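Undergrad: Per numbering that gives the first Met the number 0, the sequence shown runs over residues 0 to 333.
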Amino acid sequence: MTAMRQALLDVAELSVAFPGRNGPIRAVDGVSFRLEPGESLVIAGESGSGKSMLCRALMNIQPGAASVTATRMDWQGRALGALSPRDWRALRGGQMAMIFQDPAAALNPLLSVGRQIMDVVNAHRACSRAQARSRAIEVLGLAGLPEPEARLASYPSQLSGGMRQRVAIALALAAAPKLIIADEATTNLDVSIQAQIVALLKRLQRELGLGLIFVTHDLDLAAEVGGRLMVMYAGQPVETGPVQTVLKDPCHPYTRGLLRSAPTLHSSRETPLQPIPGQTPKPGAVGAGAPFRSRCPVSVEGVCDVRRAPWSEAGPGHRVACNRFALDGRGGLP
Ligand SMILES: Nc1ncnc2c1ncn2[C@@H]1O[C@H](COP(=O)(O)OP(=O)(O)OP(=O)(O)O)[C@@H](O)[C@H]1O
Ligand SMILES: [Mg+2]
0 MTAMRQALLD
10 VAELSVAFPG
20 RNGPIRAVDG
30 VSFRLEPGES
40 LVIAGESGSG
50 KSMLCRALMN
60 IQPGAASVTA
70 TRMDWQGRAL
80 GALSPRDWRA
90 LRGGQMAMIF
100 QDPAAALNPL
110 LSVGRQIMDV
120 VNAHRACSRA
130 QARSRAIEVL
140 GLAGLPEPEA
150 RLASYPSQLS
160 GGMRQRVAIA
170 LALAAAPKLI
180 IADEATTNLD
190 VSIQAQIVAL
200 LKRLQRELGL
210 GLIFVTHDLD
220 LAAEVGGRLM
230 VMYAGQPVET
240 GPVQTVLKDP
250 CHPYTRGLLR
260 SAPTLHSSRE
270 TPLQPIPGQT
280 PKPGAVGAGA
290 PFRSRCPVSV
300 EGVCDVRRAP
310 WSEAGPGHRV
320 ACNRFALDGR
330 GGLP
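1. From the DSSP output, in three-state form, read off Y253 for me.
2. With 8 Å as the threshold, decide whether the Cβ of R77 is near any Cβ in chain D.
3. Is the region 68-88 touching the region 157-174, taking contact as three or more C-beta pairs under 8 Å?
4. In chain order, what are the residue ranges of uninterrupted alpha helix (DSSP H) at least 4 long that sit wholly in the region 99-147?
5. If you follow the alpha helix (DSSP H) that A222 is part of, which residue opens it and which one closes it?
6. Between the region 54-64 and the region 231-251, can you find at least three pairs of beta-carbon atoms closer than 8 Å?
7. Are there three or more Cβ pairs, one per stretch, closer than 8 Å when the region 215-234 is compared with the region 44-55?
8. Name, in chain order, the residues that DSSP records as bridge partners for S14.
9. Could you compute how far the alpha carbon of A104 sits from the alpha carbon of M97?
10. Can you list every residue whose CB sits closer than 5 Å to some heavy atom of ligand 1, going in chain order?
11. For R4, which residues in the same chain have their Cβ closer than 7 Å to its Cβ, ignoring the five residues on either side in sequence?
12. Excluding five sequence neighbours on each side, which residues of the same chain lie with their C-beta closer than 6 Å to the C-beta of C321?
13. Of all the options R20, V15, L13, I24, which has the alpha carbon lying nearest to the alpha carbon of K281?
14. Going by the beta-carbon positions, is the gap between R292 and D304 smaller than 8 Å?
15. Measure the Cβ-Cβ separation of L338 and L203 and say whether it is below 8 Å.
16. Please classify E312: does DSSP put it in a helix, a strand, or coil?
17. Given 7 Å as the limit, tell me if D28 has its C-beta closer than that to any heavy atom belonging to ligand 2.
18. Alpha carbon to alpha carbon, what distance is there between L218 and A125?
19. Within the same chain, show all residues whose beta-carbon is closer than 6 Å to that of G225, passing over the 5 residues directly before and after it, in chain order.
20. With DSSP collapsed to three states, give me the class of E38.
21. Please report the residue range of the beta strand (DSSP E) in which R323 lies.
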């Protein structure tokens, strides 16, 4: 028997809850996944589906009021729950790094680019000033900044949005992490710059063997990134599988609705776009039952309002949590 490769992240039944008037409100509810070294996981879903809370919980940077629970949450075989604040400081930035939608959140406007990157290098490895400087030049080059040495003296305000995001990526790479979490990292950028940043992340992933968690609500970008896709709705994962498979053969009514509601390369030109009727429920309003039931065209009376759907196999590595699918298979779906 061949030994299973050790996952970078192995997470089971991860939930993030906030205190509410009538008990805890789950912003993330029962997320499980395994991410191998060098793999990518794309997380997609509408605003408020819990994507950022999930990423924050993985990095242990959730808001103070939030409580994170999981039956398993291992980083390279080590339980994250057992880490001390000091271990977390070494892991965060050192082994796993996050890139945010707004590079301003990651960059200090008062410090030069070079100084900020050298500070991260120095925080995670013992090295001389000259070594930290050459590492800063190296990661700026990796992040695709032209004339990286000349950029050391630049301040964030002197750079364009796309260049600032490249600096944020260089900062994330500074300590040679094994995992990058990009939370809507390209959302604020022009479409052509978005494509460049995604191409950059994919190249880095390939060349450096990085694990990548890529959060987006843009399914074309999801397809571009590749790897596995997890679709989330109201805090719950509803469908997961290889990105191309899920986009070609979506099995959850929500995934289908998402694909019909957004102009993507996967939507056919003949069918007009159809927004999903209704609104995303507020966290806490989902209760028991299937989270999408109030907007679902194929919800099963007496089932979806009381039972959260079990996972069904829709194909190799492709799973869907839908009561209709569990009861009737594909035949039940429009
Ligand atoms: N500090 C907080 N206290 C209580 N609830 C919160 C807090 N922060 C976020 N939430 C709730 O958690 C839910 C998930 O939010 P999250 O930011 O993870 O969504 P998201 O999927 O990242 O959305 P977006 O696409 O807009 O970034 C939201 O519905 C929000 O109301
Ligand atoms: Mg978010």
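Built from N, CA and C at the ideal position, the CB exists for glycine as well. Note that the structure is predicted; figures quoted are calculated from it, not measured.
TA: The structure says:
1. When DSSP states are grouped into helix, strand and coil, Y253 belongs to the helix group.
2. Absent here is chain D; the protein component of the structure consists of one chain.
3. no
4. 102-105, 112-123, 128-141
5. 218-224
6. no
7. yes
8. The partner list for S14 (beta bridge, DSSP) reads T68.
9. Each residue's CA atom was taken as its position, placing A104 and M97 some 11 Å apart.
10. Listed along the chain, these residues meet the criterion: F17, A26, S46, G47, S48, G49, K50, S51, M52, P62, P282.
11. E35
12. H251, A308, listed in sequence order.
13. K281 has its Cα closest to that of I24, out of R20, V15, L13, I24.
14. yes
15. Residue coverage of the chain in this structure runs from 0 to 333, which leaves residue 338 outside it and unanswerable.
16. The answer is strand: DSSP assigns E312 an E or B state.
17. no
18. Looking at the two C-alpha atoms, the distance is approximately 42 Å.
19. Correct list, in chain order: V242.
20. coil
21. R323 -> not in any beta strand (DSSP E); alpha helix (DSSP H) instead, spanning 322-327.
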